[in-house]
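Data block below; observations after.
Chains as they are written, first to last, in the working numbering: chain A, 1 to 102; chain B, 103 to 604.
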């Protein structure tokens, strides 16, 4: 699937929603709960569930990424599924917050 | 993503927290999202292509900023302090637009072609009442989020363009979502047409921090509001900070809740920050350097940097108190010479930056290079530790006999003299040298030009010693504390005697 910076995606099997902060260098399959994610405007098909090995959950406001593909996403709605790209789990990005300056 | 998404996240994560206003009566993040979406529906259904704002700081400003994102209409806060004719000319440039105007300023915006005026009170009470329509389509990352008009002292003001990707890039790369403790409150007192007012609304939403707006800066009001609203965080321009300290000194009042004070938007004399640190020892100080065109901050001097510099015996570390700190991790920064070549640490030149938050764009004019680098027109240098020192605007650099002299460096030295209350160093036309160095001084009493010249000569090279020392009762500043250097230069060049002192 074509993943562009700024695009929004939602999980097909849980409440997770993400926005793409950095797009991957090449097209890839973005998954949540082990199932391909949907464009935010798409309808969820039905009552799927995250697969057991992909249900660690997502946390609101956390960034996840895949260094190999250069992907970075921001979770804008939390859910039960966990994120992966072409089957590789996305890693939680460490925060490096700076002191407020404005 | 667009800036409205930051508010959506805050409403999702911390919907019950107060986003703006007093703790007892403020607007929650959840409520702000509802209001911004309602306002967006009516905005999108109107013929307006831009949402303009003429007025003081208020919750309407925060709501309007987010509503413009949901309706995909650029938000243009205008400088209400401009004379009527100039204000109306800017307003006409944003047409067709909807403009939110403070109730007591309505007459100033009336009757401009293509401009629909709505009073702030009416818009705030019922933003949806203006027009009805379908759910609007929110902005794309490439769409324009904010238009900020530059002060334009020499020409027609330019409209700096900040796209959604610039502003959200800045917020996401520098902050951790919901990192604010529940008791945190940020006091915003820069005017709404300043980049720091825009970024404060966005960063506060993302952090989950309450914003308290001071309508119009006066130091006594600032202290009163900071105490009453239990303000923990604030940003001030250097002149504002000095005036706040004066009030504290006179009244003996304290700021028991304040723990974090950032400053920026102009040079901060080392003596002034030392005074502030002495006065408010429990407060963390942050110097933030940035431009409108870079979506706010690109370098910070952190609280740890402040304390390390203050405590150090090493002059190289101690002088960092007068620096603007190091570039943000997501920012690349280089000092380049006039030919555009990068220069090593210690050598001065122009500050160039690159990063996701750097727009470098004006309406109808792109000032950014194809490779993403933006020339700030600021003059500066880096020390061995990567700390950035600024020496003023490149246009203000004095070229004396082929040597580039930084007004900022000479001003800093002069400011440390006990006779000097305020000072501006400028270049004046000179037959022999092209330009000569002149210091315009506001004195604390004694007028001893030879003493000041000796003071500089002992601390800097003789070529940096002002040839002219000119005394004035005050220096001209604009309302956000920026020295009106060009106006001063013009005035001094017309009145200063051509003969050299000493």
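We treat Cβ as the ideally placed atom computed from N, Cα and C, and that holds for glycine.
Since we're looking at a predicted model, the values are computed, not measured.
Check	Outcome
DSSP three-state assignment for residue 405 of chain B, whether helix, strand or coil	helix
Residue burial classification, residue 205 of chain B (beta-carbon count within 10 angstroms, cutoff 16)	exposed
C-beta neighbour in chain A for residue 285 of chain B, strict 8 Å	no
Amino acids of chain B, ordered along the chain, whose beta-carbon sits closer than 7 Å to that of residue 96 of chain A	431
Distance between residue 121 of chain B and residue 326 of chain B (C-alpha atoms, nearest Å)	20 Å
At least three beta-carbon pairs within less than 8 Å, the segment 266–280 of chain B to the segment 551–564 of chain B	no
Interface residues of chain B facing residue 19 of chain A [CB-CB closer than 8 Å]	103, 107
Below-8 Å beta-carbon distance, residue 262 of chain B vs any chain E residue	Structure shown: chain E not included; protein chains present are A and B.
Option in A/41, A/46, A/32, A/5 with minimal Cα separation from residue 89 of chain A	A/32
Residue 116 of chain B versus A/66, A/60, A/102, A/72, residue with shortest Cα-Cα distance	A/60
The segment 57–73 of chain A: positions lying closer than 7 Å to chain B by Cβ	60, 61
Interfacial residues, the segment 388–409 of chain B to chain A, with Cβ spacing under 7 Å	388, 390, 398, 399, 402, 404, 405
Element boundaries [beta strand (DSSP E), containing residue 295 of chain B]	Counting along the chain, residue 295 of chain B falls outside any beta strand (DSSP E), and DSSP gives it neither H nor E.
Below-8 Å beta-carbon distance, residue 243 of chain B vs any chain A residue	yes
Beta-carbon proximity of residue 174 of chain B to residue 238 of chain B, cut-off 8 Å	yes
Own chain, CB closer than 8 Å to residue 24 of chain A, minus 5 neighbours either side, in chain order	3, 66, 69, 70, 71, 85
Below-8 Å beta-carbon distance, residue 84 of chain A vs any chain B residue	no
Contact under 8 Å by Cβ, residue 211 of chain B with residue 156 of chain B	yes
Buried versus exposed call for residue 209 of chain B [16 or more other C-beta atoms within 10 Å across all chains shown]	exposed
Sufficient close CB pairs (3 or more, under 8 Å) joining the segment 140–149 of chain B to the segment 218–237 of chain B	yes
Residue 58 of chain A in three-state terms, based on DSSP	strand
Cβ pair count under 8 Å reaching 3, the segment 522–533 of chain B against the segment 486–493 of chain B	no
Residue burial classification, residue 383 of chain B (beta-carbon count within 10 angstroms, cutoff 16)	exposed
Option nearest residue 328 of chain B by Cα separation, candidates B/344, B/462, B/574, B/290	B/290
CB of residue 177 of chain B within 8 Å of CB of residue 247 of chain B, strictly	yes
Residue 172 of chain B: first and last residue of the uninterrupted alpha helix (DSSP H) it sits in	161–172
Alpha helix (DSSP H) segment containing residue 175 of chain B, residue limits	Element bounds for residue 175 of chain B: n/a, residue is neither H nor E.
Residues bridged to residue 428 of chain B [DSSP beta-bridge criterion]	B/402
Among B/354, B/400, B/408, nearest to residue 379 of chain B - alpha-carbon criterion	B/408
Assigned secondary structure, residue 510 of chain B (DSSP; H/G/I helix, E/B strand, else coil)	helix
Local conformation of residue 535 of chain B per DSSP, three classes	coil
Identity of the residues DSSP links to residue 452 of chain B by a beta bridge	B/438, B/481
Cutoff 7 Å; reference residue 438 of chain B; Cβ partners in own chain excluding five residues on either side	444, 445, 451, 452, 454
Three-state class that DSSP yields for residue 332 of chain B in the structure shown	coil
The segment 533–544 of chain B: positions lying closer than 8 Å to chain A by Cβ	none
6 Å CB neighbourhood of residue 17 of chain A in its chain, flanking five on each side removed	10, 76, 77
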